[in-house]
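In the working numbering, the protein residues as written are 51 to 161.
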């Protein structure tokens, strides 16, 4: 490996570059590398499709979960409204009880 390095001038480099550019596709086609690239592209496309389908499923599941949470929140709201109405009734009954007791105490003091 004691080969001597070859000095190239700019014209020679340009000629070599244009020669390679002109023939590179032909060489790749002959070597079968183009088919490998196409197979890899197909694999990537199939993978992208699977990922997109998976994302669609996850989005649908997420929407379903949010709908279920909304239903549950509505149930909880109804329960709180029910408890609130019962609390208001109980407060009214307690107030009525205190009023009756106050009236009775007042009446018995004057008798």
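Cβ coordinates follow ideal geometry from the N, Cα and C atoms, glycine included.
Note that this is a predicted model, so its numbers are computed, not measured.
Three-state class that DSSP yields for residue i in the structure shown
i: residue 154; result: helix
i: residue 73; result: helix
i: residue 161; result: coil
i: residue 58; result: coil
Closer than 6 Å: residue i CB and nearest the ligand NAP heavy atom
i: residue 99; result: This structure does not include the ligand NAP; it has no bound ligands of any sort.
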